Amino acid sequence: MSPAPTRRPVIALHGGCGVMSRSLLSEEEWADARADIRKALEAGYAILSEGGPAVAAVEACVMALEDSPHFNAGHGAALNAAGGHELDASIMDGATALAGAVAGARAVRNPVRLARRLMEQNIPMMLAGPAADEYAAAHGLETMPQSYFTTPRRAEALQAMRAHDRLGTFASESEKHGTVGAVALDCDGNLAAATSTGGFTNKAVGRVGDSAIIGAGTYARNGICAVSCTGQGEQFIRHVVGHEIAARVRYAGHSVGAAIRMILAESFTPQGIGGGVIAIDHAGTVTAEFNTEGMFRGWIDANGELFVATHKD
Ligand code: ASP
Numbered sequence: 001m002s003p004a005p006t007r008r009p010v011i012a013l014h015g016g017c018g019v020m021s022r023s024l025l026s027e028e029e030w031a032d033a034r035a036d037i038r039k040a041l042e043a044g045y046a047i048l049s050e051g052g053p054a055v056a057a058v059e060a061c062v063m064a065l066e067d068s069p070h071f072n073a074g075h076g077a078a079l080n081a082a083g084g085h086e087l088d089a090s091i092m093d094g095a096t097a098l099a100g101a102v103a104g105a106r107a108v109r110n111p112v113r114l115a116r117r118l119m120e121q122n123i124p125m126m127l128a129g130p131a132a133d134e135y136a137a138a139h140g141l142e143t144m145p146q147s148y149f150t151t152p153r154r155a156e157a158l159q160a161m162r163a164h165d166r167l168g169t170f171a172s173e174s175e176k177h178g179t180v181g182a183v184a185l186d187c188d189g190n191l192a193a194a195t196s197t198g199g200f201t202n203k204a205v206g207r208v209g210d211s212a213i214i215g216a217g218t219y220a221r222n223g224i225c226a227v228s229c230t231g232q233g234e235q236f237i238r239h240v241v242g243h244e245i246a247a248r249v250r251y252a253g254h255s256v257g258a259a260i261r262m263i264l265a266e267s268f269t270p271q272g273i274g275g276g277v278i279a280i281d282h283a284g285t286v287t288a289e290f291n292t293e294g295m296f297r298g299w300i301d302a303n304g305e306l307f308v309a310t311h312k313d
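Counted from 1, the sequence shown has number 167 at position 167 by the numbering used here; the numbering is strictly sequential.
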């Protein structure tokens, strides 16, 4: 007989801190995006409420967001400078410190599933480029043509970014990026985190962002916190933000919220760099912080209450 669940589960997600200018989406699209956030939370929570592991819940949650056209991951991912898609994802199990990651995949439908497969395999824990897609196909994961990932909105965004380059103008934070991620605490007290992205519109071919880097865009450690980041990946990698948050909590005694706010205030806002983080601590407290106009986010708390927000609401 398995031991009785000891606590109420919690799950939280973000859908990126870019593409937030209210005028960029129609009322219907905002409503659809919110509905997809709800569905993704429910997909993860269904696993948690049956006593399933946090790592399976974050995978299911991120897969649902990858399948939605409204977020920059999987179907609806950003286009790179060559007009193609290169997808990054990672997942970490806070119970075991095992992790898996994918960089620059071009065909696997759900990069987070591939990251989980690699996590289970242990070594290699990270695959990049064609090898990632070949591994996915060889292990029975669904692969898709590049056209599957493209939506009209992403094609327009690429044109807009190319126009900025031609005219020497600057893109707004809204035009640039996105990403999806989830964090969860299961009934056994285990934490997990997962992140998936198409990166930046017009990013250089071969560029890898923080969403593929354990310790930068994704981090989870039982007893401390689980973290998924969004925003300019280069800055998250330089400051190893996922691990930095956990280190400040563990060694400096900060709350997760205080640690995130300090890092954004020290290393992002002064440089005019956008960033956002969703996190859960060991007790199930959810933190969602961002320094941009908004961040798609939602969670189901320990009382089973569902919350969805986009801007500073
Ligand atoms: N962090 C992602 C990257 O740099 C993009 C984003 O979240 O906006 O690839």
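Cβ atoms here follow ideal geometry from the backbone N, Cα and C, with glycine treated the same way.
All of these numbers come straight from a predicted model, not from anything done at the bench.
- For the options D210, A60, G276, the alpha carbon positioned closest to that of L264 is the one of G276.
- Distances from the alpha-carbon of Y251 to those of H164, S228, G231, G223 put G223 closest.
- Going by DSSP, D32 is part of the alpha helix (DSSP H) stretching over 27 to 49.
- If you draw a straight line from the Cα of L185 to the Cα of I11, it comes to about 6 Å.
- The DSSP-derived three-state label of C229 is strand.
- With contacts defined by Cβ atoms closer than 9 Å, A128 and I91 do not form a contacting pair.
- Residue state for T195 is assigned as strand, using DSSP reduced to three classes.
- Here the alpha carbon of E305 sits roughly 8 Å from the alpha carbon of W299.
- If only uninterrupted alpha helix (DSSP H) runs of at least 4 residues are considered, those enclosed by the region 136 to 168 are 146 to 149, 152 to 167.
- For G104, the uninterrupted beta strand (DSSP E) run begins and ends at 98 to 105, by DSSP.
- In summary, A182 is buried, with 16 or more beta-carbon neighbours lying within 10 Å of its beta-carbon over all protein chains present.
- Minimum Cα-Cα distance from V208 among the listed residues E29, P152, R238, G284 corresponds to R238.
- Here the distance from the Cβ of E66 to the nearest heavy atom of ligand 1 is not below 8 Å.
- Of the heavy atoms belonging to ligand 1, none sits nearer than 8 Å to the Cβ of N190.
- Around the beta carbon of P124, a 10 Å sphere encloses fewer than 16 other beta carbons of the protein chains shown; the residue is thus reported as exposed.
- In the DSSP assignment, L65 falls within the alpha helix (DSSP H) that extends over 54 to 67.
- T269 and G231 have their alpha carbons spaced roughly 12 Å apart.
- Three or more beta-carbon pairs separated by less than 8 Å are not found between the region 277 to 293 and the region 196 to 204, which leaves the two stretches without contact.
- Residue burial is scored here from C-beta neighbours: Q235 has at least 16 other C-beta atoms within 10 angstroms and is therefore classed as buried.
- Closest option to A288, judged by alpha-carbon separation, among S211, K312, M161: K312.
- Between ligand 1 and the CB of D165, the shortest heavy atom gap is not smaller than 8 Å.
- In this structure, DSSP gives E86 a state outside helix and strand, which the three-state scheme calls coil.
- Within the same chain, Cβ atoms closer than 7 Å to the Cβ of I214 are found at S90, M92, A99, A101, the five residues on either side in sequence being excluded.
- Taking 8 Å as the cut-off, the C-beta of N72 counts as close to a heavy atom of ligand 1.
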